[in-house]
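2 protein chains.
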Amino acid sequence: MGVRVERGVAPRTPLSRERVLRAAVSVADAGGIESLTMRRLADEVGAEAMSLYYHVANKEDILDGIVDVIAAEINEAAERVRRPAKGNRWKNAARARILAAREVLLLHPWAPAVFESRTAISPAVLRYYDGLMGLMREGGFSYDVIHHALHALGSRALGFTQELFTPAGGGGGPAAEMPAEMAEALPNLVGMMSEIAHDDPDSTLGWCDDQAEFEFGLDLLLDGLERMRRQA
Amino acid sequence: MGVRVERGVAPRTPLSRERVLRAAVSVADAGGIESLTMRRLADEVGAEAMSLYYHVANKEDILDGIVDVIAAEINEAAERVRRPAKGNRWKNAARARILAAREVLLLHPWAPAVFESRTAISPAVLRYYDGLMGLMREGGFSYDVIHHALHALGSRALGFTQELFTPAGGGGGPAAEMPAEMAEALPNLVGMMSEIAHDDPDSTLGWCDDQAEFEFGLDLLLDGLERMRRQA
DNA sequence: ACCTGAACACCGTTCAAGT
DNA sequence: ACCTGAACACCGTTCAAGT
Numbered sequence: 001m002g003v004r005v006e007r008g009v010a011p012r013t014p015l016s017r018e019r020v021l022r023a024a025v026s027v028a029d030a031g032g033i034e035s036l037t038m039r040r041l042a043d044e045v046g047a048e049a050m051s052l053y054y055h056v057a058n059k060e061d062i063l064d065g066i067v068d069v070i071a072a073e074i075n076e077a078a079e080r081v082r083r084p085a086k087g088n089r090w091k092n093a094a095r096a097r098i099l100a101a102r103e104v105l106l107l108h109p110w111a112p113a114v115f116e117s118r119t120a121i122s123p124a125v126l127r128y129y130d131g132l133m134g135l136m137r138e139g140g141f142s143y144d145v146i147h148h149a150l151h152a153l154g155s156r157a158l159g160f161t162q163e164l165f166t167p168a169g170g171g172g173g174p175a176a177e178m179p180a181e182m183a184e185a186l187p188n189l190v191g192m193m194s195e196i197a198h199d200d201p202d203s204t205l206g207w208c209d210d211q212a213e214f215e216f217g218l219d220l221l222l223d224g225l226e227r228m229r230r231q232a
Numbered sequence: 001m002g003v004r005v006e007r008g009v010a011p012r013t014p015l016s017r018e019r020v021l022r023a024a025v026s027v028a029d030a031g032g033i034e035s036l037t038m039r040r041l042a043d044e045v046g047a048e049a050m051s052l053y054y055h056v057a058n059k060e061d062i063l064d065g066i067v068d069v070i071a072a073e074i075n076e077a078a079e080r081v082r083r084p085a086k087g088n089r090w091k092n093a094a095r096a097r098i099l100a101a102r103e104v105l106l107l108h109p110w111a112p113a114v115f116e117s118r119t120a121i122s123p124a125v126l127r128y129y130d131g132l133m134g135l136m137r138e139g140g141f142s143y144d145v146i147h148h149a150l151h152a153l154g155s156r157a158l159g160f161t162q163e164l165f166t167p168a169g170g171g172g173g174p175a176a177e178m179p180a181e182m183a184e185a186l187p188n189l190v191g192m193m194s195e196i197a198h199d200d201p202d203s204t205l206g207w208c209d210d211q212a213e214f215e216f217g218l219d220l221l222l223d224g225l226e227r228m229r230r231q232a
């Protein structure tokens, strides 16, 4: 019984930038982005923290890299969406792509914040936006309006909106838990919540339907753009 | 010549939560949010890092606090906006308030990212949104549509959009600096940029007008909401 | 060529101790 | 009541050294 064999150390597949980035996505998926440290990531790939620097410049480079990995995943999903043959073609196609992108991002809840923290631009994100531009070109939009449209959509084009606050409190109780003095300063919020409580007494918790709200905002923008298209 | 006097140690104004938060805003304004460390902040107020914990729970509490400070600043600016007497009243009023909020945020470039990183809700932010709701109520909107509207506007209601990428590269050259293989994969982006270069040869750098783009997106949303109001 | 151990500078935070 | 010094655990990163 050879000692070496007994140790059971599987011949480690060598590290690479790609393997590091994939492991980083796994770590973030499992424990959130704040759990993604160089030491934790090294554990994940079965190496020491310092080994990572051979394949990756630094942590910023890793963050840039995982954004690109997720964006590539989004592109794959977007390409699988088949183009509608009838109806408002550019709009239906753009809508479907964006919702496909959203589905990918829902699997990586940490990703939106990292996307927004990047200063470098991900090539895969560029490719995604380029595809959206293509749909709008086919629909007859000018580059000028397309440019405005991309700004107006912003991160929504990639399938996410960063919520500043959830009106009814995401999981916490709303009006009931609010101090009285505070309620006085927020008559409209209180009014809205009591109307909801009246209409649907069970809905205080988890009231906002993120998906429905996302689609509402998306359609508001796409419909506005469509109107501009028809006027041009 | 008394030694004590000669030391020239001014009788330090005592620390307080408010003083700590105001100093934190100063530090972030001067050096960006990443320069805001407990030790640096302590320097700013002329104390040791550990003293801060007497007035503030921890760093998260400071971040929650400075968001509230900025939001209060926004509320002051929003209240100074006088209500339009004619035209589309709710819309013009909302638009003016939002642009006033934006002006405040432009003075604190670090703030948007911190706003979005908060999990606790700032009372001052709630007050701001409540005011916006009030305008919409006066315009005749139902709570239901108002709720959708707040989600659709998102951070734009507070005057900012977090740009994912600047189409023409914020300050860096665009098409010219792109590797040829990459350009092939981005036909629409390249097309757009060459059209711009043709129309206005000097505009490659700093091409996107953030303020104009912000207003374009804002009007797209407000106009869409106004249309819903008239249909109801 | 690829990986690692030891070490450094710098975080946020605790705790016992000072006035 | 308010502030501080020393210390701890944990970061990202460097560098010289191993195979």
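From first to last, the protein sequence lines are chains A and B. Okay, so the first sequence: first residue is 1 according to our numbering, each after it adds one. Okay, so the second sequence: first residue is 1 according to our numbering, each after it adds one. We put the CB at the ideal spot given by N, CA and C, even for glycine.
Exercise. Can you tell which of A:Met136, A:Ala212 and A:Phe115 has the C-alpha that lies nearest to the C-alpha of A:Val69?
Worked result: Of all alpha-carbon atoms in A:Met136, A:Ala212 and A:Phe115, the one lying nearest the alpha-carbon of A:Val69 is that of A:Phe115.
Exercise. Can you give, in chain order, each stretch of the alpha helix (DSSP H) that sits fully within the stretch 20–54 of chain B and has at least 4 residues?
Worked result: For the stretch 20–54 of chain B, whole alpha helix (DSSP H) runs of length 4 or above, ordered along the chain, are 38–45 and 49–52.
Problem set entry | A:Thr37 classed as buried or exposed, judged by whether at least 16 other C-beta atoms fall within 10 angstroms | So A:Thr37 counts as exposed.
Exercise. Does any C-beta atom of chain B lie closer than 7 Å to the C-beta of A:Asp130?
Worked result: Yes, contact with chain B.
Problem set entry | Residue burial classification, B:Asp64 (beta-carbon count within 10 angstroms, cutoff 16) | Buried, since its Cβ has 16 or more Cβ neighbours within 10 Å.
Exercise. Among residues of its own chain, excluding the 5 on either side of A:Gly140, which ones have a beta-carbon nearer than 7 Å to its beta-carbon?
Worked result: If you ignore the 5 residues before and after A:Gly140, its C-beta comes within less than 7 Å of the C-beta of Arg229, all in its own chain and listed in chain order.
Exercise. Considering only residues of the same chain and omitting the five flanking positions on each side of A:Arg39, which have a CB-CB separation below 8 Å?
Worked result: Cβ contact annotation for A:Arg39 (same chain, cutoff 8 Å, sequence separation greater than five): Ala49, in chain order.
For this session: For A:Glu213, return the contacting residues in chain B, with the cut-off set at a CB-CB distance below 8 Å.
Result: Chain-order list of chain B residues neighbouring A:Glu213: His148, His151 and Ala152, by C-beta distance under 8 Å.
Problem set entry | Below-7 Å beta-carbon distance, A:Arg19 vs any chain B residue | Between A:Arg19 and chain B, the shortest Cβ-Cβ separation is not below 7 Å.
For this session: Report the rounded CA-to-CA distance for B:Gly154 versus A:Ala113, giving the unit in angstroms.
Result: About 15 Å.
Exercise. Does the beta carbon of B:Thr119 come closer than 7 Å to any beta carbon on chain A?
Worked result: Judged by the 7 Å Cβ criterion, B:Thr119 is not in contact with chain A.
Exercise. So does the stretch 215–229 of chain A actually touch the stretch 218–225 of chain B, counting three or more Cβ pairs closer than 8 Å?
Worked result: Yes, since at least three Cβ pairs between the stretch 215–229 of chain A and the stretch 218–225 of chain B fall closer than 8 Å, the two stretches touch.
For this session: Use the C-beta contact count for B:Asn75: other C-beta atoms within 10 angstroms, 16 or more gives buried, fewer gives exposed.
Result: Buried is the call here.
Exercise. If you measure from the beta carbon of B:Phe216 to each beta carbon in chain A, is any gap under 7 Å?
Worked result: True, the Cβ-Cβ gap to chain A drops below 7 Å.
For this session: Check whether the stretch 122–134 of chain B touches the stretch 185–204 of chain A, taking contact to mean three or more Cβ pairs, one atom from each stretch, closer than 8 Å.
Result: The count of Cβ pairs closer than 8 Å, one atom from the stretch 122–134 of chain B and one from the stretch 185–204 of chain A, reaches three, so the stretches are in contact.
Problem set entry | Simplified DSSP assignment, three categories, for A:Ser194 | DSSP places A:Ser194 in helix when its eight states are reduced to three.
For this session: Tell me, please, whether the CB atom of B:Glu116 is closer than 7 Å to any CB atom in chain A?
Result: Flagged as an interface residue toward chain A: B:Glu116, by a C-beta distance shorter than 7 Å.
Exercise. Given B:Gly171, which residues of its chain have a CB within under 6 Å of its CB, disregarding the five upstream and five downstream residues?
Worked result: Because the pLDDT of B:Gly171 is 40, which lies under 50, any placement of that residue in the model is unreliable, and the question is left without a value.
Exercise. By Cβ distance below 7 Å, which residues in the same chain neighbour A:Ala42 in space, the five residues on each side in sequence not counted?
Worked result: Cβ neighbours of A:Ala42 beyond the five flanking positions: Glu48, Ala49, Ser51 and Leu52.
Exercise. Residues in its own chain within less than 8 Å of A:Leu150 by CB, not counting five upstream and five downstream?
Worked result: Answer for A:Leu150: Tyr129, Leu132, Met133 and Ala157, listed in chain order.
Exercise. For A:Ala232, which of A:His198, A:Ser142, A:Glu181 and A:Gly191 has the nearest alpha-carbon?
Worked result: Ranking the options by Cα distance to A:Ala232, first place goes to A:Ser142.
Exercise. Are the beta-carbon atoms belonging to B:Ala100 and B:Val125 less than 7 Å from one another?
Worked result: No, the pair does not count as a contact, with Cβ atoms beyond the cut-off.
Problem set entry | Integer-rounded CB distance, given that A:Ala77 should sit under 8 Å from A:Glu103 | About 7 Å separates the two Cβ atoms, so the contact holds.
Exercise. Using a Cβ-Cβ cut-off of 6 Å (strictly less than) and excluding sequence neighbours within five positions of B:Leu21, which residues of its own chain qualify?
Worked result: Taken in chain order, the residues that qualify are Gly65, Ile66 and Val69.
Exercise. Of all Cβ atoms in chain B, is any one closer than 7 Å to the Cβ of A:Leu186?
Worked result: The C-beta of A:Leu186 comes closer than 7 Å to at least one C-beta of chain B.
Exercise. If you measure from the beta carbon of A:Gln162 to each beta carbon in chain B, is any gap under 7 Å?
Worked result: So, interface residue.
Exercise. Taking a cut of 9 Å between CB atoms, which residues from the stretch 36–55 of chain B lie near chain A?
Worked result: Close to chain A, meaning a Cβ-Cβ distance shorter than 9 Å, is no residue of the stretch 36–55 of chain B at all.
For this session: Report the rounded CA-to-CA distance for B:His147 versus B:Ser194, giving the unit in angstroms.
Result: One Cα belongs to B:His147, the other to B:Ser194, and the distance between them is close to 42 Å.
For this session: Would you give the residue range spanned by the alpha helix (DSSP H) that B:Glu136 belongs to?
Result: According to the sequence provided, residue 136 of chain B is Met. The question's Glu does not apply to it. Residues Pro123 to Glu138.
Problem set entry | Buried versus exposed, by CB contacts within 10 Å (16 or more), A:Lys86 | The residue is exposed, with fewer than 16 neighbouring Cβ atoms inside 10 Å.
Problem set entry | Assigned exposure category for B:Ser122 - 16 Cβ within 10 Å defines buried | In the assembly as shown, B:Ser122 is a buried residue. Its beta-carbon has 16 or more other beta-carbons within 10 Å.
For this session: Look up A:Glu226 in the DSSP assignment and say whether it is helix, strand or coil.
Result: DSSP places A:Glu226 within a helical segment (H, G or I) once states are collapsed to three.
Exercise. Hey, A:Leu107 and A:Gly159 are a contact pair by Cβ (cut 8 Å); roughly how many whole angstroms apart?
Worked result: Contact doesn't hold; Cβ gap of about 11 Å is too wide.
Exercise. Hey, how far is the Cα of B:Ala23 from the Cα of A:Gln211?
Worked result: Across the structure, B:Ala23 and A:Gln211 are spaced so that their CA atoms are roughly 40 Å apart.
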